[in-house]
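Counted from 1, the sequence shown has number 159 at position 158 by our numbering; the numbering is strictly sequential.
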Amino acid sequence: MKPYRVALIQQQTRVIVNPKGRDEIIRENLDRIFELLDWTFLRLGDARLAVFSEYGIIGQYRPRSVDEWLALAETIPGEVTDRIGKKAKERGCYIAANLYERDDEWPGRLFNTSFIVSPEGKVILKYRKNNGPNNLNTLYTGPGDIYSEYVKRYGEDSMFPVVDTEIGRLGCLTCTDVVFPEVARCLALRGAEVLIHCTSEPYAPEGEAWDVLRQARAYENLCYFLSVNAGAFVGSNRPTAGYRGMSQIVDYLGRVQSTSTAPGEAVVTGTIDLNSLRWERTRMPDSGHVWNFLIELRSDLYASVYAKARRWPNDGWHNRKLQSTSETRALARQIIERLIREENLIPPE
Numbered sequence: 002m003k004p005y006r007v008a009l010i011q012q013q014t015r016v017i018v019n020p021k022g023r024d025e026i027i028r029e030n031l032d033r034i035f036e037l038l039d040w041t042f043l044r045l046g047d048a049r050l051a052v053f054s055e056y057g058i059i060g061q062y063r064p065r066s067v068d069e070w071l072a073l074a075e076t077i078p079g080e081v082t083d084r085i086g087k088k089a090k091e092r093g094c095y096i097a098a099n100l101y102e103r104d105d106e107w108p109g110r111l112f113n114t115s116f117i118v119s120p121e122g123k124v125i126l127k128y129r130k131n132n133g134p135n136n137l138n139t140l141y142t143g144p145g146d147i148y149s150e151y152v153k154r155y156g157e158d159s160m161f162p163v164v165d166t167e168i169g170r171l172g173c174l175t176c177t178d179v180v181f182p183e184v185a186r187c188l189a190l191r192g193a194e195v196l197i198h199c200t201s202e203p204y205a206p207e208g209e210a211w212d213v214l215r216q217a218r219a220y221e222n223l224c225y226f227l228s229v230n231a232g233a234f235v236g237s238n239r240p241t242a243g244y245r246g247m248s249q250i251v252d253y254l255g256r257v258q259s260t261s262t263a264p265g266e267a268v269v270t271g272t273i274d275l276n277s278l279r280w281e282r283t284r285m286p287d288s289g290h291v292w293n294f295l296i297e298l299r300s301d302l303y304a305s306v307y308a309k310a311r312r313w314p315n316d317g318w319h320n321r322k323l324q325s326t327s328e329t330r331a332l333a334r335q336i337i338e339r340l341i342r343e344e345n346l347i348p349p350e
């Protein structure tokens, strides 16, 4: 397979302050996304894959109730993905993006969903973020929160979906998922070669650590890692330069190909060389290349430790719909207190 170009588009997004303006603002955000995509093709050359940020279409704003977010959310497939599909067909490329999703099969539940649209205009993968609810300030459901019923309906592979395409095997993870190495590892173990990371990372003291995580996830899984941050959220009283940029293309050896070094709108381009990646994954370890992580992984060795760890539970919200962050905070407090009693965690003096 010949190497191909990818484009990460770090865009400015108008937020929905008044729900009455929802449709107009979504149209404006999509129009801007498509303008940037067209500019990229015109000035920087064609790309086989274009990626946009988390919350890049609907935006992220102040705390809202689940019902308020559901009123702003989209179905996938739906009107928004249909528009993206038309652009994908026009440009002959794959497009990955992110939406708040509502689903009639799961009434009253909000999902944070990253998805991929094919050059034929069809949604070929959607990944519902698992780890967001665990950061205690979000109200969307992760598939793990309704694990048993979710697996019953869609199968175990639905937790970490991977799609086989003409540009390689693609998988998605979203924002906070990068902090949990298991997400990228599960995707890699299911064959993913290119990991697409739609994210929205504000300025924070730990920002540089997240840059290291991108490189680590790529290197330890022998994957390309494409991470697109929000450029800015505008249209409200929040600072427009609250997000740090740092959209990055990292190759399968953890080397950064290219980066946007500032907030605001930017386009990052790079090259995916799947033949080189596949050579690295299938070679024998030797004196020149000491490790082949994916074949040397001792998954059975670690399984029992994970099974006994008992941290954030599967099926935590299977019998009720999450309505308040006070519920997730109460669960977090229970887990911390139990681990202190078990002398697994040591509280400060």
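For glycine and all other residues, C-beta sits at the position ideal for the given N, C-alpha and C. In this text the structure is predicted, and so the values were computed from the model without any measurement.
Quiz item: CB-CB under 6 Å to Arg129, same chain, minus the five flanking residues each way: which ones, in chain order?
Solution: Taking the sequence shown and counting its residues from 1, one reaches residue 129 at position 128. So the list reads Phe112, Thr114 and Pro144, once near-sequence residues are dropped.
Self-check item: Given Pro120 as reference, the closest of Ala51, Ala333 and Glu29 once Cα atoms are compared
Solution: For the purposes of this step, residue 120 is taken as the residue at position 119 of the sequence shown. The candidate whose alpha carbon is nearest that of Pro120 is Ala51.
Quiz item: Do the stretch 148-157 and the stretch 238-255 make contact, defined as three or more Cβ pairs closer than 8 Å?
Solution: no
Exercise. Determine, using beta carbons only, whether Ser261 and Ser54 come nearer to each other than 8 Å.
Key: Translated into the one-based positions of the sequence shown, residue 261 becomes position 260. Translated into the one-based positions of the sequence shown, residue 54 becomes position 53. Going by C-beta atoms, Ser261 is not nearer than 8 Å to Ser54.
Quiz item: Where does Tyr244 fall in DSSP's three states?
Solution: Counting from one through the sequence shown, the residue named residue 244 turns up at place 243. DSSP places Tyr244 in strand when its eight states are reduced to three.
Quiz item: Would you call Thr142 buried or exposed, if buried means 16 or more other Cβ atoms sit within 10 Å of its Cβ?
Solution: Residue numbering aside, residue 142 sits at position 141 when the sequence shown is read from its first letter. Classification for Thr142: buried.
Quiz item: Relative to the C-alpha of Tyr151, which residue among Trp107, Tyr5, Tyr204 and Asp301 is closest?
Solution: Sequence index remark: in the sequence shown, residue 151 carries index 150 (1-based). Nearest C-alpha to Tyr151: Trp107.
Practice problem: Could you tell me which residues DSSP puts in a beta bridge with Gln335? | Solution: Along the sequence shown, one-based indexing puts residue 335 at 334. Paired residue(s): none; Gln335 is not in a bridge.
Exercise. Can you check DSSP and say which residues form a bridge with Pro203?
Key: On the sequence shown, residue 203 is found 202 positions in, with the first residue counted as 1. BP columns for Pro203 point to Tyr244.
Self-check item: Same chain only: Cβ atoms within 6 Å of Leu37, ignoring 5 sequence neighbours per side
Solution: Indexing the sequence shown from 1 puts residue 37 at position 36. Here the set comprises Ile10 and Gln12.
Exercise. Please report how far the alpha carbon of Pro134 lies from the alpha carbon of Ala333, in whole angstroms.
Key: Counting from 1 along the sequence shown, the entry for residue 134 is found at position 133. Counting from 1 along the sequence shown, the entry for residue 333 is found at position 332. Low local confidence applies: a pLDDT of 48 at Pro134 is under 50, so the model's placement there is unreliable, and no value is given.
Practice problem: Thinking Cys199 and Phe161 are a contact (beta carbons under 8 Å), I'd like their distance in whole angstroms, please. | Solution: Position 198 of the sequence shown, counted from the first residue, corresponds to residue 199. Position 160 of the sequence shown, counted from the first residue, corresponds to residue 161. No, Cys199 and Phe161 are not in contact; Cβ-Cβ is about 15 Å, not under 8 Å.
Practice problem: Specify, as a first and last residue, the run of the alpha helix (DSSP H) that Thr82 falls within. | Solution: Within the sequence shown, numbered from 1, the residue matching residue 82 stands at position 81. Glu80 to Arg92 is the span of the alpha helix (DSSP H), which, as asked, contains Thr82.
Quiz item: What is the DSSP secondary structure of Leu227, reduced to helix, strand or coil?
Solution: Counting from 1 along the sequence shown, the entry for residue 227 is found at position 226. Looking at Leu227 - three-state DSSP - the assignment turns out to be strand.
Practice problem: State buried or exposed for Ile17, treating a residue as buried only when at least 16 other CB atoms are found within 10 Å of its CB. | Solution: Counting from 1 along the sequence shown, the entry for residue 17 is found at position 16. So Ile17 ends up on the buried side.
Quiz item: At what residues does the beta strand (DSSP E) containing Cys173 begin and finish?
Solution: The residue labelled residue 173 in the question sits at position 172 within the sequence shown. Note, Cys173: beta strand (DSSP E), Gly169 to Thr175.
Quiz item: Between Gly57, Asp146, Val163 and Arg44, which lies nearest to Trp313 when the distance is taken from Cα to Cα?
Solution: Working through the sequence shown from its first residue, we reach residue 313 at position 312. Per the Cα distances, Asp146.
Quiz item: Are there 16 or more other CB atoms within 10 angstroms of the CB of Asn1, so buried, or fewer, so exposed?
Solution: Outside the displayed range of the chain (2 to 350) lies residue 1, so it cannot be described from this structure.
Exercise. Would you mind giving the Cβ-Cβ distance between Ile77 and Gly57, rounded to the nearest angstrom? I have them listed as a contact below 8 Å.
Key: Translated into positions along the sequence shown, residue 77 becomes position 76. Translated into positions along the sequence shown, residue 57 becomes position 56. So it is not a contact: roughly 14 Å between Cβ atoms.
Practice problem: Ignore the nearest five residues each way along the sequence and tell me which others in Ala331's own chain have a CB closer than 6 Å to its CB. | Solution: If you number the sequence shown from 1, residue 331 lands on position 330. Same-chain partners within the cutoff: there are none.
Quiz item: Where Arg15 and Gly243 are concerned, what is the direct C-alpha to C-alpha distance, given to the nearest angstrom?
Solution: As a first step, residue 15 is located in the sequence shown; it is residue number 14 there, counting from the start. As a first step, residue 243 is located in the sequence shown; it is residue number 242 there, counting from the start. Near 14 Å, if we compare the C-alpha coordinates of Gly243 and Arg15.
Self-check item: Given Gly172 as reference, the closest of Val163, Val179, Ser159 and Met285 once Cα atoms are compared
Solution: For this step, residue 172 is matched to residue 171 along the sequence shown. Out of Val163, Val179, Ser159 and Met285, Val163 has the C-alpha closest to the C-alpha of Gly172.
Exercise. Pick out whichever of Pro182, Phe226, Ala231 and Ala72 has its Cα sitting closest to the Cα of Asp274.
Key: Position 273 of the sequence shown, counted from the first residue, corresponds to residue 274. That would be Phe226, whose Cα lies nearest to the Cα of Asp274.
Practice problem: List the DSSP bridge partners of Phe112. | Solution: Residue 112 sits at position 111 when you count from the first residue of the sequence shown. BP columns for Phe112 point to Glu102.
Quiz prompt | Selected residue, minimal CA-CA separation from Arg256, among Leu223, Val229 and Gly317 | solution = Walking along the sequence shown from the start, residue 256 turns up at place 255. Cα-wise, what sits closest to Arg256 is Leu223.
Quiz item: How long is the line joining the alpha carbons of Lys88 and Leu346, rounded to whole angstroms?
Solution: Against the sequence shown, residue 88 aligns to sequence position 87. Against the sequence shown, residue 346 aligns to sequence position 345. If you take the alpha carbons of Lys88 and Leu346, they lie about 51 Å apart.
Quiz item: Relative to the alpha-carbon of Leu140, which residue among Ala210, Met285, Ala74 and Ile336 has its alpha-carbon at the smallest distance?
Solution: Within the sequence shown, the letter at position 139 stands for residue 140. Comparing Cα positions, the closest option is Ala74.
Self-check item: C-alpha distance - Leu71 paired with Ala98, whole-angstrom precision
Solution: Numbered from its first residue, the sequence shown carries residue 71 at position 70. Numbered from its first residue, the sequence shown carries residue 98 at position 97. Straight-line Cα distance between these residues: approximately 18 Å.
Exercise. Taking the CB atoms as reference points, tell me whether Tyr95 and Thr166 lie closer together than 8 Å.
Key: In the sequence shown, counting from the first residue as 1, residue 95 sits at position 94. In the sequence shown, counting from the first residue as 1, residue 166 sits at position 165. In this structure, Thr166 lies closer than 8 Å to Tyr95 by Cβ.
Practice problem: Starting from the Cα of Asn30, find the closest Cα among Leu43, Gly60 and Lys21 and give me that residue. | Solution: Taking the first residue of the sequence shown as position 1, residue 30 is located at position 29. Considering only alpha carbons, the answer is Gly60.
Quiz item: Among the residues of its own chain, which have a CB less than 6 Å from the CB of Ala267, if the five just before and after it don't count?
Solution: Numbered from 1 along the sequence shown, position 266 holds the residue referred to as residue 267. Only Gln11 and Ser261 meet the Cβ criterion.
Self-check item: Counterpart residues of Tyr155 in DSSP-defined beta bridges
Solution: Working through the sequence shown from its first residue, we reach residue 155 at position 154. Answer by DSSP bridge pairing: none, since Tyr155 is not bridged.
Practice problem: Let me know if Thr272 comes out buried or exposed under the rule of 16 or more other beta-carbons within 10 Å of its beta-carbon. | Solution: The residue given as residue 272 occupies position 271 in the sequence shown. Label assigned to Thr272: exposed.
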